[in-house]
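Engineer: The structure that follows is given in the form of structure tokens.
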Amino acid sequence: MLIDELDLPTLGLDAFSSSAEGYHGQLAELSEQHRFARIESLGYVVLDRDAVDTVLRARDARMPALQLLELQGVTEGPVHRYLSGNLLNLEGDEHRHRRRLVSSALSPARSQELRPVMRRHVGELFSAVADEGRCEFVTAVAKPYPARMIAEIVGAPLTDAERLGEWAYWIQGSLDPMKLATELSRIQAATEEFDAYVKGLLAAPEGTTSGLVADLLPAVDAGELTDEQAASLIGAVLIGGVDTTQAQLAHTVRLLAERPDQWATLVADPGLVPQVVEEALRFEPITPFTARLLSADLDLDDVTVPAGTLLIACIATANRDPEVFDDPHTFDLTADRGDVSLLTFGAGPHFCIGHALARAELEEAVRYLAEHIEELALDGPPEHDTPSGVYGLLELPIEFTLRQPA
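The opening position of the sequence shown corresponds to residue 1111 in this note's numbering, with each subsequent residue numbered one higher.
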């Protein structure tokens, strides 16, 4: 049966544009009605885990970031140039080649080497607010921490970390249809500023560069990459490694602050840190939706989806599929979730290249906090961003009691 012959629930284009956390309830209701939902004038949402996994791994499905941008009338300018050369928009041999150029900087081995650096940055940031017993966690720790780490990895001065974090937030908006519709001028400006900044790093005198910039220079000098292509690759690392990680860290701390009993369990057994991170990645994935445009027909069990269809793979429901996970709508750091792989970092050719770095950063941050905070609680309601792009927190006020030295 063709998907357009199914009797499906229908959503408006702005169905997930609100900045409230209640969208999980809306998705749960949809999942109970059907494993697909129709989005008027756009395509379909895929809700169950097996179908989401199939969509993400399909060879004839590509990420439509550039096409969605052009549908909004943006056919030139800095954002269009950036997305044209971004890893998310590349396919086949070109995608594999450019992905290899940045892979060593984000490898599991490199991520392990950087753990002491991660711990140092978390310690410096938290120490600045520790004596107050409360802070707005996004501003104090979650936002500057991954920006500092990406500065280390890219080879930018640490003094520029704050600017990198701000650029990451706005450039990431180029993948969010709602932000594109309302904040295009700011996204364009951030993309142009970042492009000029990276080209300045690439033009630095020989021997003065480091990190990913130094890794890419041989390819630029050999004519394999233009400056613009190198800037797009560095941009992909920036937005993939800053905005997403800060959002996931903020939600992880929120989930623990809302559950004092689970925080106490973690404090008593810091060996649970990796499990805490995995449960947060499952329960609150900060990229709830990811789009694919089909270039050939795709079979999802007994349903055929025609070429040319836009599918929105819903990671949020895939990670809470009751056919896969027991008690999926409960955050429980001690639960045995089995060996089912999460889809938070995607699957297939566009599986997140920075997954090891993100996990390491999250683990080191949570470990440090668990070693230094005895009691943790919210100090006011968190302010949620929209789930239509990177689903982060704009504000997370927390209060805490420091652990006493043994």
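Yeah, the Cβ is synthetic: ideal placement off N, Cα and C, and Gly gets one too.
Can you tell me whether residue 1450 is helix, strand or coil according to DSSP?
Structural biologist: coil
Engineer: Give the single residue among 1274, 1155, 1135 whose Cα lies nearest to the Cα of residue 1307.
Structural biologist: 1274
Engineer: Closest to residue 1468 by CA distance: which of 1505, 1408, 1396 is it?
Structural biologist: Among 1505, 1408, 1396, the Cα nearest to that of residue 1468 belongs to 1396.
Engineer: Give me, in chain order, the residues of the same chain whose beta-carbon lies closer than 7 Å to that of residue 1412; leave out the 5 immediate sequence neighbours on both sides.
Structural biologist: 1111
Engineer: Can you list, in chain order, the residues of its chain whose CB lies under 8 Å from that of residue 1478, leaving out five sequence neighbours each side?
Structural biologist: 1229, 1232, 1233, 1236
Engineer: By how many angstroms is the C-alpha of residue 1481 removed from the C-alpha of residue 1243?
Structural biologist: 15 Å
Engineer: Report buried or exposed for residue 1222, applying the criterion of at least 16 other Cβ atoms within 10 angstroms of its Cβ.
Structural biologist: exposed
Engineer: Whole angstroms are fine: how far does the CA of residue 1370 sit from the CA of residue 1502?
Structural biologist: Each residue's Cα considered, the two are about 22 Å apart.
Engineer: Taking residue 1139 as the reference, which of 1151, 1119, 1152 has the closest Cα?
Structural biologist: Ranked by how close their Cα comes to the Cα of residue 1139, the residues 1151, 1119, 1152 have 1119 in first place.
Engineer: Skipping 5 residues on each side, what residues in its chain have a beta carbon closer than 7 Å to that of residue 1194?
Structural biologist: Closer than 7 Å at the Cβ level, and outside the excluded window around residue 1194, lie 1176.
Engineer: Provide the residue span of the beta strand (DSSP E) that contains residue 1322, from first to last.
Structural biologist: Note, residue 1322: premise wrong, no beta strand (DSSP E); alpha helix (DSSP H) at 1321-1331.
Engineer: Classify residue 1461: buried if its beta carbon has 16 or more other beta carbons within 10 angstroms, exposed otherwise.
Structural biologist: exposed
Engineer: Helix, strand or coil for residue 1115, going by three-state DSSP, please let me know.
Structural biologist: In this structure, residue 1115 counts as helix in the three-state DSSP scheme.
Engineer: Please say whether residue 1419 and residue 1404 have beta carbons closer to each other than 8 Å?
Structural biologist: Annotated as proximal: residue 1404 and residue 1419, with beta-carbon spacing under 8 Å.
Engineer: Beta-carbon of residue 1299 versus every beta-carbon of chain D: anything under 8 Å?
Structural biologist: In the structure shown, chain D cannot be found, because there is only a single protein chain.
Engineer: Do residue 1179 and residue 1290 have their C-beta atoms closer together than 8 Å?
Structural biologist: yes
Engineer: Judging by CA-CA distance, which residue of 1259, 1288, 1350 is the nearest neighbour of residue 1496?
Structural biologist: Of 1259, 1288, 1350, the residue nearest in Cα terms is 1288.
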